[in-house]
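Throughout the sequence shown, residue numbering follows my numbering, covering 150 to 838 in sequence.
Cβ atoms here follow ideal geometry from the backbone N, Cα and C, with glycine treated the same way.
Heads up: the structure comes next, in structure tokens.
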Amino acid sequence: MARNSNPRRLVTAALPYANGPIHIGHLVEYLQADFWVRWNKMNARDCVYICADDTHGTPIMVKARELGLTPEAWIAKSHAEHARDFADFGVNFDIYSSTNSRENRELSEHFYAALRDKGHLRTRTQEQLWCDHDRMFLPDRFVKGVCPKCGAVDQYGDSCDKCGSTYAASELKTPACAICGSKPALKPTSVISVKLSDFRDFLRDWVPAHSPAEAANKLSEWIKGELLDWDISRDAPYFGFEIPDHAGKFFYVWLTAPIGYVSATRQLCEQRGLNFEDYWSRGEDEIYHFIGKDIIKFHCLFWPAMLKTAGFKTPTQVFVHGMLTVNGEKMSKSKGTSITARTYLNHLDPQFLRYYYATKLTSGMSDLDLGLDDFVNRVNSELVGKITNLGSRGAQMLAKRLDGRMGRLDPDGRALLARAQARRGTIAAAYEARDFARAIQEIRDIADEANKYFDEKAPWNLIKTDAEATRAVLSTTLNVFRLLAIALKPVLPRYADQVARLLGEASYTWRDGEAVIEGGQVGEYEHLATRVDAEKVQAMVEASKPAGSTTQTPTTSPQAGHTAPSTASASTGATGVIDIDTFGKIDLRIAKIIAAEAVPEADKLIKLRVDLGPLGERQIFAGIKSAYDPAQLVGRLTVVVANLAPRKMKFGMSEGMVLAASDPNESGGAKPMFLLSPDSGAKPGDRVK
């Protein structure tokens, strides 16, 4: 039988634990998988995205008790909050389930019975840490102490964050109960374990073929070494499923959690009338797991062993990503960089983070950094200044000056669009390989060439002499912009749908990028992406700090739009001299004046529209009315302060300052004003140093 060239794909992301909110570190994975699923669906591939809340374990039970809730009430509350956060970030799960379900209980018992009946379990007596104060055996994460390997303090009972070693909780030095702080004692109990060494030969072959090389190398070291038994039971009290033939023993959360992938699929199949066995038991349907590198042992050793034993298919591939840092450091509550999804959403547009993560995510396992300065600058210069600027320039001018009707492309425009379309194959290959950073780079390059075309054609001048030639330029610009929106749809689906509405089209598929649109009416332009306000980023960070915190953590530099300190003592002496660092806080840029008009209600003001190249367009009110006729300013290059905080004026928002010279000693009447102008060769957006 010939192999299906377009098999269905089932994609999973690791299940978030129901004991706390989703944060921006979690979102790396859910957005990465969402990009890939959307790419598949744009190409008419049958692809479903599966996830669920991970709901079992002692932490759930303890937290519910603290809140005066039942565990069921607590996980229901968490589920609703998680689902809302994911939806607001545009993460489009086909099902978002829970491990505390009938299906998960039945499947957990099925997996357990298979392991037991095939002889892969053993029961032994083991001493575990017992807290007499809380009257319970302590799970690994409820013990803290000194790492037995490197001596790092305040480490959990299963692994060390500093040296990466794994160990039993009983090996910790000076252990303490993480709930009450008292010293636990060792107490014997029976433990049910999987004999992982039974699967050594299977795992030796399976791991290199189904996990990234970097992960496989580490996993292979464990396989060659001592494959320790894997404990799958926990003692009461415990929130979870009781083991059928062991009263008072419960399935460990890491047994029921990955089974959540299977139980959620079963629920989805029941809802849609699909065949569950096609996904997990037979046929050519593919299974892909997206996980972080901190849980590769569970997904690449324990999980395939469980699946093989229970008669299920193993994953086609396990994709592993790195961890998130913020400003080059581990996320920190005290510094306000441990930011929840909801706190982010309270301050910023989710598409900003979707775009930024896409610029960083590759198919590798390297950690990625959310530099808050870089975040502001990159979104403003690339998404707003380069990409969105094309749509804004093309659509608004066409609507205002040429009745919103698109025309035929000129030869230069047709060649430009052809070059852009020729790069779609590279973008497609990058998406398929999950190299989203490469895809975004290609998109940026196309935008750069299109902006250069627009500037060289100068439609603001061309329209004075040739309206139809101008229509051709604007139509070319919108065609390339449309192509970019289609290419961005896996990352920015809402953005792409707005562009489709602007151009009177249905929601885009990947193949729509092959077309050229000539003719047709452009709709009313709606803002697709506005500039990131650095002050909102700072407010988000402050809101993420613990209550009562007074720590002042710089998060965005003046180059990101934040205003410099105004106190003279911070940077100047009595003579007004400043140091080089203070001067460096002023972001001076070359700007091209593309529109100018007098403000009738103001004696001194001219309203300017300036082009800052990659930083996009700005509106600036300049007090130069006495010296210049607005018509003489259009097309001229000058210098502006680009990181001055926007100022709301009676006539509108002023988003910068144009630099002009005048004699401070001259008195009486209107002082002569002289705009600063760069030498030839400077171009919009160049930094003045």
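In the three-state reduction of the DSSP assignment, residue 280 falls in the strand class, which pools E and B.
The alpha helix (DSSP H) runs lying completely inside the stretch 410 to 474 and spanning 4 residues or more are 425 to 429 and 452 to 459, given in chain order. Taking all protein chains in view, the Cβ of residue 181 is crowded by 16 or more other Cβ atoms within 10 Å, so the residue is classified as buried.
Taking each of 307, 489 and 440 in turn and checking the Cα distance to residue 466, the smallest one comes out for 440. Taken through DSSP and simplified to helix, strand or coil, residue 644 comes out as helix. In this structure residue 669 is not in contact with residue 546, their Cβ atoms being roughly 16 angstroms apart against a cut-off of 8 angstroms. Taken through DSSP and simplified to helix, strand or coil, residue 204 comes out as coil. Close CB contacts of residue 168 within its chain, under the 6 angstroms cut and outside five residues either way in sequence, are with 208, 209 and 212 (chain order). In chain order, 380, 381, 382 and 383 place their CB closer than 7 angstroms to the CB of residue 401, counting only its own chain and leaving out the 5 sequence neighbours on each side. Per DSSP, the beta-bridge partners of residue 391 are 399. Short of 8 angstroms from the beta carbon of residue 582, and not among the five residues preceding or following it, lie these beta carbons of its own chain, in chain order: 512.
The beta-carbon separation of residue 331 and residue 280, rounded to 6 angstroms, stays under the 8 angstroms limit for a contact. With contacts defined by Cβ atoms closer than 8 angstroms, residue 635 and residue 653 do not form a contacting pair. Taking a 10 Å sphere around the C-beta of residue 732, we find fewer than 16 other C-beta atoms and assign the residue as exposed. Taking the Cα positions, residue 490 is about 9 angstroms away from residue 174. Minimum Cα-Cα distance from residue 515 among the listed residues 538, 586 and 500 corresponds to 586. Apart from sequence neighbours up to five positions away, the residues of its chain that approach residue 166 with a beta-carbon distance below 7 angstroms are 203, ordered along the chain. For residue 261, the enclosing alpha helix (DSSP H) has its first and last residue at 251 to 266. Under DSSP, residue 379 takes part in a beta bridge, and its partners are 343. With 16 or more neighbouring CB atoms inside 10 Å of its own CB, residue 191 falls in the buried class.
The beta carbons of residue 356 and residue 365 sit closer together than 8 angstroms.
Between residue 766 and the set 784, 740, 438 and 235, the nearest pair of CA atoms involves 740. Judged by their CB atoms, residue 187 and residue 434 are not nearer to each other than the 8 angstroms cut-off. A Cβ-Cβ distance of about 48 angstroms is found for the pair residue 422 and residue 690, leaving them out of contact under the 8 angstroms criterion. When the beta-carbon positions are compared, residue 623 and residue 543 come within less than 8 angstroms of each other. With the rule of 3 Cβ pairs closer than 8 angstroms, the stretch 385 to 403 counts as touching the stretch 258 to 272. As computed with DSSP, residue 770 is found in a beta bridge with 756. Per DSSP, residue 798 is one residue of the beta strand (DSSP E) stretching across 796 to 798. Shown here for residue 256: same chain residues with a beta carbon closer than 6 angstroms to its own, the five before and five after excluded, namely 408, 411 and 412 in chain order. Counted as a single uninterrupted DSSP element, the beta strand (DSSP E) harbouring residue 746 occupies residues 737 to 747. Nearest neighbour of residue 321 by Cα position, chosen from 329, 553, 341 and 298, turns out to be 298. Taking 8 angstroms as the upper bound for CB-CB distance, residue 774 and residue 752 are in contact here, some 7 angstroms apart. Here residue 694 is near residue 483, since their CB atoms are less than 8 angstroms apart. Each residue's CA atom was taken as its position, placing residue 538 and residue 675 some 12 angstroms apart.
Nearest C-alpha to residue 472 among 178, 782 and 273: 178. For residue 335, the secondary structure class from DSSP, reduced to helix, strand or coil, is strand.
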